[in-house]
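Chemist:
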Amino acid sequence: MERLGVDIGGVIIEGVCAAADTSFFSDNYLKTPALPGAIEALQRLADARFGENIFLVSKCGARTEARTREWLSHHLVYARAGLDPARLHFCRKRHEKAPICKDLGITHFIDDRLEVLGYLESVPNRLLFRPQEAEVAANARHLPAVTRVESWDEVLDCLLGAAPPPSMPPSRRSSKPHL
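Throughout, this note's numbering is defined as the position within the sequence shown, counted from one, plus 877.
(1) Quick check on the burial criterion: 16 or more other C-beta atoms within 10 angstroms. Buried or exposed for residue 950?
(2) Do you know how far the Cα of residue 936 is from the Cα of residue 1035?
(3) Restricting to Cα atoms, I'd like to know which of 922, 931, 942 and 920 is closest to residue 902.
(4) Identify, in the order they occur along the chain, each residue of the same chain with its Cβ nearer than 6 Å to the Cβ of residue 996, setting aside the five sequence neighbours on each side.
(5) Name the residue from 1013, 911 and 1011 whose alpha carbon lies nearest to the alpha carbon of residue 1028.
(6) Taking just the CA atoms, how far does residue 909 sit from residue 955?
(7) Going by beta carbon distance, what residues of the same chain come within less than 8 Å of residue 946, once the five residues before and after it are set aside?
(8) Using DSSP's beta-bridge definition, name the partner residues of residue 908.
(9) For a test of the three-state rule: what should DSSP assign to residue 1051, helix, strand or coil?
(10) Short of 6 Å in beta carbon distance, which residues of its chain neighbour residue 979, apart from the five on each side in sequence? Order them along the chain.
(11) Could you check the C-alpha separation between residue 885 and residue 926 for me, to the nearest Å?
(12) What is the DSSP secondary structure of residue 884, counted as helix, strand or coil?
(13) Ordered along the chain, which non-local residues of its own chain (more than five positions away) have a Cβ less than 8 Å from that of residue 960?
(14) Report the CB separation of residue 992 from residue 1012 in whole angstroms; it is logged as a contact under 8 Å.
(15) Between residue 1001 and residue 1032, what straight-line distance do the alpha-carbon atoms span, to the nearest angstrom?
(16) Return the chain-ordered ranges of every beta strand (DSSP E) run that is complete within the segment 945-1002 and spans a minimum of 3 residues.
(17) For residue 1056, which residues in the same chain have their Cβ closer than 8 Å to its Cβ, ignoring the five residues on either side in sequence?
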């Protein structure tokens, strides 16, 4: 059975939106937008491949956990994407995502941190989503184990079997045609 794990911050929730003066870490955190196409893509992934087997797994402190829960409810993410709120998991340290994913039987994981994906040795299909270049450089030894994607459209291309978009450079295409 295939199971998808998805990080939240930087993957579903935009980190900073300068034009709207919002940041998830400001008093306006509920105004922080979802990343373009995130919620719709999660719905498509549920409908076309993973069904109810999509899990949100996030590393954060207690205050950010409470804000994340509130943000997900406020933006109707569960209803709009067809996700089960019982499949939401939090941990306090990045490496703690590994045992969570192993226990859940996650087969695919999307995260914006290469460091995290490096810990997920039990997960055969790892997508690195819009990473920061400095973090990639610091964890480059993990690059061979991941497929890099820059948008939710590219995630859909990788996970739903469509060919990579022509705009995706060959260096970022997975050695596996479809995950």
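We treat Cβ as the ideally placed atom computed from N, Cα and C, and that holds for glycine. If you're wondering where the values come from, they're calculated on a predicted model, not measured in any experiment.
Modeler: Working from what's here:
(1) Label assigned to residue 950: exposed.
(2) Residue 1035 and residue 936: Cα-Cα distance of roughly 24 Å.
(3) In terms of CA proximity to residue 902, 942 leads the group 922, 931, 942 and 920.
(4) So the list reads 972 and 975, once near-sequence residues are dropped.
(5) When C-alpha distances from residue 1028 are compared across 1013, 911 and 1011, the shortest belongs to 911.
(6) A direct Cα-to-Cα measurement between residue 955 and residue 909 gives close to 17 Å.
(7) Same-chain partners within the cutoff: 965.
(8) Looking at the DSSP output, residue 908 bridges to nothing.
(9) Per-residue confidence for residue 1051 stands at a pLDDT of 46, beneath the threshold of 50, marking its modelled position as unreliable; the derived number appears in the next sentence. Coil at residue 1051, not helix or strand.
(10) Contacts found: 999.
(11) Distance between the alpha carbons of residue 885 and residue 926: 20 Å.
(12) Assigned with DSSP and collapsed to three states, residue 884 falls in coil, not helix or strand.
(13) Cβ neighbours of residue 960 within its own chain (closer than 8 Å, five residues either side excluded): 919, 923, 931, 933 and 954.
(14) Sure, about 7 Å apart at Cβ, within 8 Å.
(15) For the pair residue 1001 and residue 1032, the Cα-to-Cα distance works out to about 16 Å.
(16) DSSP runs (the beta strand (DSSP E)) wholly in the segment 945-1002: 965-968 and 985-988.
(17) Excluding residues within five positions, the ones whose Cβ falls inside 8 Å are 985, 1002, 1004, 1024, 1035 and 1036.
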